[in-house]
Amino acid sequence: MKPARARILDAADQLMRTIGLARATTKEIAREAGCSEAALYKHFASKEDLFLHVLQERLPKLGPLLVELTDEPAGHGVEENLVTVVRQAARFYESTFAIGASLFAEPALLRRHAEGVHALGSGPHHPIDALSRYLRAEREAGRIAPGSDTDAAAALLMGACLQRAFLKAFPGSEPVRPLDEFAPAVARTVFAGLRPQPAG
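Just so we're aligned, residue 1097 is where the sequence shown starts under the working numbering, counting upward by one.
Here you go:
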């Protein structure tokens, strides 16, 4: 049998995806994991803390990728790096869309969740901020145009990924563009506005 912490994360991931974060109580998560609610709180300070650990440990990794790119921006070409970011961000938002969307049905829970997430130093703005930092590093290295608005470029890329997740989750909508086509197309389009202009 898996350790209690792993079972709790598995149960939380499953319940948050199927019934939504709002309805997945710590009592229900503990019951699904086969442990007591007290045991859950030995490993996680709150449901918000548990949610963040589900994002970090059970879903496609977005934050570490952006940190790695910022620390080592010259590993590949900028456009190739942006394709990698779009692929990972699209997978991340697709995996988290149903979990996060359920919060908006209950404003009081959304407010408590936002307060808890902010207290833990996280929030939905972090991927955009991290991508903008990476793009600023590329701008300083001269690999994107000097006047590039990195905040706008980051918002465009992440917004496209979130919109794709919404369309994929919406019942009866047209099939979304396959990720192998979507990622390079979005990266190429955004990079076209960032590319340094030839001198002269």
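C-beta atoms are modelled at their ideal positions from N, C-alpha and C, and glycine is treated no differently.
None of the values given here were measured: they were computed from a predicted structure.
Query: Kindly give me the distance between the Cβ atoms of residue 1111 and residue 1124, rounded to whole angstroms, as I take these residues to be in contact under 8 Å.; Result: 6 Å
Query: Could you please give the first and the last residue of the uninterrupted alpha helix (DSSP H) stretch that includes residue 1217?; Result: Per DSSP, residue 1217 belongs to no alpha helix (DSSP H) and is neither H nor E.
Query: Does DSSP put residue 1285 in a helix, in a strand, or in coil?; Result: helix
Query: Starting from the C-beta of residue 1248, find all residues in its chain whose C-beta is less than 7 Å away, skip the five residues before and the five after it, and write them out in chain order.; Result: none
Query: Of the choices 1186, 1154, 1121, 1264, whose alpha-carbon is the least far from that of residue 1109?; Result: 1154
Query: Can you list, in chain order, the residues of its chain with a C-beta nearer than 6 Å to that of residue 1213? Leave out the 5 residues immediately preceding and following it.; Result: 1144, 1219
Query: Within 10 angstroms of the Cβ of residue 1140, are there 16 or more other Cβ atoms? Answer buried if so, exposed if not.; Result: buried
Query: Short of 7 Å in beta carbon distance, which residues of its chain neighbour residue 1107, apart from the five on each side in sequence? Order them along the chain.; Result: 1125, 1128, 1129
Query: Starting from residue 1154, trace the alpha helix (DSSP H) in both directions and tell me its first and last residue.; Result: 1143-1154
Query: Compute the Euclidean distance between the alpha carbons of residue 1225 and residue 1252, then round it to the nearest angstrom.; Result: 12 Å
Query: On the three-state DSSP scale, how would you describe residue 1278?; Result: helix
Query: Let me make sure I understand the geometry here. Which of 1172, 1098, 1292, 1132 has the alpha-carbon closest to that of residue 1243?; Result: 1292
Query: Could you check how far apart the C-beta atoms of residue 1189 and residue 1250 are, in whole angstroms? I think they sit under 8 Å.; Result: Incorrect: roughly 14 Å between the Cβ atoms, too far for contact.
Query: Among residues of its own chain, excluding the 5 on either side of residue 1117, which ones have a beta-carbon nearer than 6 Å to its beta-carbon?; Result: 1195, 1198, 1199
Query: So which of 1246, 1227, 1167 has the shortest CA-CA distance to residue 1184?; Result: 1227
Query: Considering only their Cβ atoms, is the gap separating residue 1175 from residue 1273 smaller than 9 Å?; Result: no
Query: Please say whether residue 1179 and residue 1256 have beta carbons closer to each other than 9 Å?; Result: no
Query: Buried or exposed, going by whether 16 or more other CB atoms sit within 10 Å of the CB of residue 1298?; Result: Because the chain in this structure spans residues 1097 to 1296, residue 1298 falls outside the shown range and cannot be described.
Query: In angstroms with no decimal places, state the Cα-to-Cα distance between residue 1173 and residue 1137.; Result: 45 Å
Query: What residue range does the alpha helix (DSSP H) around residue 1097 cover?; Result: That residue, residue 1097, is in no alpha helix (DSSP H); it is neither H nor E in DSSP.
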